[in-house]
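Okay, structure coming up:
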């Protein structure tokens with residue numbers, strides 16, 4: 001990964017970004033290079049539950065019946081992604097952050113019979129779809145002030161700047177946007193009153 005890549009960072013949408021797909025969204029960037037960028041919106045829960053999705057795929061779900069699916073973005077909305085903290089669930093999983101793995105198949109996770117919220121303290125996010133940018137598109141949007149990059153502190157211990165990898169799995173979706181901004185030292189209220197491109201959101 002080159003030094004200018006934001007892969008492994010969060011993107012926090014400013015309130016002035018009016019695209020309904022990204023209103024006050026927090027995106028985990030999985031890839032960012034000269035060809036473009038790919039990320040997952042973390043804080044857009046859908047009415048569907050994971051149990052509903054599993055049943056639709058003829059799979060057995062033994063986790064929390066109320067665990068909801070999140071809309072990861074507007075591209076390929078039926079493509080599934082799973083962020084979790086259990087590498088043993090899927091030998092093909094990719095560690096995208098320290099202690100956070102990415103799986104693209106629901107079957108190995110449901111087969112593990114885990115509890116999404118329960119006694120084993122495992123954490124898992126199920127997402128459908130993703131966000132994508134063409135080459136230089138994201139850089140242009142950041143330069144225009146539409147997004148604020150938020151670092152993820154991968155050092156041991158509590159996050160000294162930005163947020164920790166565990167934050168990605170543990171932060172409640174309704175609190176993510178405010179929490180990510182505050183991790184940057186940004187006042188969400190002041191940001192909401194600023195004009196796009198002003199010093200308040202640069």
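Numbering (this note's numbering), first residue to last: 1 to 202.
For each residue, glycine too, the CB sits at the ideal point set by N, CA and C.
Reducing DSSP to helix, strand and coil, say where residue 160 ends up.
coil
From what residue to what residue does the alpha helix (DSSP H) around residue 167 run?
Annotation for residue 167: the continuous alpha helix (DSSP H) segment containing it runs 165 to 170.
Given residue 6, which residues of its chain have a CB within under 6 angstroms of its CB, disregarding the five upstream and five downstream residues?
29, 32, 149
Who are the near neighbours of residue 78 in its chain, counting only those whose CB is closer than 7 angstroms to its CB and skipping five residues on each side?
Answer for residue 78: 128, listed in chain order.
Can at least three beta-carbon pairs, one atom from the region 65 to 80 and one from the region 32 to 49, be found at a separation below 8 angstroms?
yes
Where does the unbroken alpha helix (DSSP H) through residue 77 begin, and where does it stop?
First-last for residue 77: 75 to 84, but that is the beta strand (DSSP E), not the alpha helix (DSSP H).
Taking the CB atoms as reference points, tell me whether residue 183 and residue 162 lie closer together than 7 angstroms.
yes
Using the Cα positions of residue 178 and residue 4, report the straight-line distance between them to the nearest angstrom.
26 angstroms
Fully enclosed by the region 38 to 67, which alpha helix (DSSP H) runs are 4 residues long or longer?
50 to 56
With a CB to CB cut of under 8 angstroms and the five nearest residues on each side skipped, what residues in its chain are close to residue 176?
26, 42, 43
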